[in-house]
Amino acid sequence: MRNGQYYFPMGLLESVQEVLKPIGVELRVSGWPSAPHNSTLLDDLTWIGYDLRSHQDEAVVKALPRLWDGLGTILMMPTGSGKSLLAMYLINELRVKTLILVHKKNLMEQWQKGIKHTLNYVPGIYGDGIKEIKPITIGMVQTIAKDKRFDINYFDFIIVDEVHHLPADQTYDIVMKSNAYYKLGLSATPTREDGNEMKMFAAMGPIVKVATIKELIQSGVLAKPKIEYMNAPPGPGGNTYAMMYKNNITMNTMRNQMIAQKAQSL
Numbered sequence: 007m008r009n010g011q012y013y014f015p016m017g018l019l020e021s022v023q024e025v026l027k028p029i030g031v032e033l034r035v036s037g038w039p040s041a042p043h044n045s046t047l048l049d050d051l052t053w054i055g056y057d058l059r060s061h062q063d064e065a066v067v068k069a070l071p072r073l074w075d076g077l078g079t080i081l082m083m084p085t086g087s088g089k090s091l092l093a094m095y096l097i098n099e100l101r102v103k104t105l106i107l108v109h110k111k112n113l114m115e116q117w118q119k120g121i122k123h124t125l126n127y128v129p130g131i132y133g134d135g136i137k138e139i140k141p142i143t144i145g146m147v148q149t150i151a152k153d154k155r156f157d158i159n160y161f162d163f164i165i166v167d168e169v170h171h172l173p174a175d176q177t178y179d180i181v182m183k184s185n186a187y188y189k190l191g192l193s194a195t196p197t198r199e200d201g202n203e204m205k206m207f208a209a210m211g212p213i214v215k216v217a218t219i220k221e222l223i224q225s226g227v228l229a230k231p232k233i234e235y236m237n238a239p240p241g242p243g244g245n246t247y248a249m250m251y252k253n254n255i256t257m258n259t260m261r262n263q264m265i266a267q268k269a270q271s272l
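Position 59 of the sequence shown, counting from 1, maps to 65 under my numbering, and the rest follow consecutively.
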């Protein structure tokens, strides 16, 4: 509370409206970011990616109007449903300066490759020893959090991959410093064991669900899994968890041979 008024993060706007409007409390919105001007739009993007599947079209229909209105969105889509491809399509639709936040090197590399193959664009990389900012940049959370000179407000569109990691202090702080008009979170499981989802919603907005695993299996997008349990002989012990894991999982020759033989028989 400041100057007799209550303040809250923009991602919670719709939740607050749902509570206050029925009881007649007036809500005045201030500090809302402005939509980017036409002069800032990127004109060197060309969509050369795959055509979207029906569930991805559904996601566009649900997410794009919200983004146009400046409403943050967390897209909940199953693993293997093409969340990254969908996000790249939205980048092409909005055509504004975009930062994709990731927390692992392999995700950064996947995004880099994907953007090249779908948008015919070579993105900037900010992480893993590289600090190159371009109108579309993929940034490692750890690198950006340590760099006080990083200008988060250069970007008009913030995408957080694996957004369920966002309540971690580094990611949350980065996103909350951003005045980006467009914000999009991606996750198959936007929940946390510590129950700290509220910070995620505060920074990015509410969850929008698109398709289920069952629906994508029925439509042929995902394969129906077959789960088979195998009893492997235990390896030698160890004095620490790390040593036990190494001896019984990583270096357990009998276990690994059983898995390899089963995979070859499929």
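Note that CB positions come from ideal geometry on N, CA and C, so glycine has one too. Every value quoted in this text rests on a predicted model; they were computed, and no experiment measured them.
Give the straight-line distance between the Cα atoms of residue i and residue j, rounded to the nearest whole angstrom.
i	j	result
Tyr-178	Asn-258	39 angstroms
Ser-271	Tyr-187	52 angstroms
Trp-38	Gly-76	8 angstroms
Arg-198	Gln-148	20 angstroms
His-170	Thr-52	30 angstroms
Leu-125	Glu-99	11 angstroms
Lys-205	Met-250	36 angstroms
Ala-248	Ile-164	37 angstroms
Gly-226	Glu-234	22 angstroms
Glu-64	Ala-194	16 angstroms
Phe-207	Ile-213	8 angstroms
Thr-256	Ala-269	17 angstroms
Gly-55	Met-94	9 angstroms
Lys-152	Pro-28	44 angstroms
Lys-252	Glu-203	33 angstroms
Thr-218	Asn-237	31 angstroms
Tyr-4	Asn-44	For the chain, the structure presents residues 7 to 272; residue 4 sits outside this window and is missing.
Check whether the Cβ of residue i lies closer than 7 angstroms to any heavy atom of the ligand ZN, and answer yes or no.
i	result
Val-25	No copy of the ligand ZN occurs in the structure displayed, which carries no ligand at all.
Helix, strand or coil, according to DSSP, for residue i in the structure here?
i	result
Ser-87	coil
Leu-18	helix
Thr-197	coil
Met-82	strand
Leu-77	coil
Leu-113	helix
Lys-215	strand
Leu-228	coil
Val-25	helix
Thr-246	coil
Leu-47	coil
Leu-58	coil
Leu-33	coil
Val-102	coil
Leu-272	coil
Val-108	strand
Thr-259	helix
Val-67	helix
Glu-203	helix
Ile-97	helix
Val-253	In the sequence as displayed, the identity of residue 253 is Asn instead of Val. Note: Asn-253 maps to helix in three-state DSSP.
Glu-234	coil
CB residue i to CB residue j, shorter than 8 angstroms?
i	j	result
Ser-90	Gly-120	yes
Thr-79	Phe-161	no
Gly-181	Leu-190	Note on identity: in this sequence residue 181 is Val, with Gly being the wrong assignment. Not in contact: Val-181 and Leu-190 (Cβ atoms no closer than 8 angstroms).
Ala-209	Pro-15	yes
Ile-106	Gly-145	yes
Asp-175	Val-108	no
Leu-73	Leu-47	no
Leu-222	Pro-84	yes
Glu-17	Gly-211	A small correction: the amino acid at residue 17 is Gly; Glu does not occupy that position in the sequence shown. For Gly-17 and Gly-211, yes; Cβs fall inside 8 angstroms.
Met-114	Ile-131	yes
Grab me the residues of residue i's own chain with a C-beta within less than 6 angstroms of its C-beta, minus the 5 sequence neighbours each way, in chain order.
i	result
Gln-62	Gly-88 and Leu-92
Pro-239	Met-260
Val-67	none
CB-CB under 8 angstroms to residue i, same chain, minus the five flanking residues each way: which ones, in chain order?
i	result
Lys-122	Val-128 and Pro-129
Gln-23	Leu-33
Val-35	Leu-19
Trp-117	Ser-90, Ile-106, Val-108, Pro-129, Ile-144 and Asp-167
Keeping to the same chain, check which residues put their C-beta closer than 7 angstroms to that of residue i; ignore five residues upstream and five downstream.
i	result
Lys-215	Met-82
Pro-42	Val-102, Asp-162 and Tyr-187
Phe-156	Ile-150
Continuous alpha helix (DSSP H) assignments of at least 4 residues falling wholly in the stretch 130 to 194: For the stretch 130 to 194, whole alpha helix (DSSP H) runs of length 4 or above, ordered along the chain, are 147 to 152 and 175 to 182.
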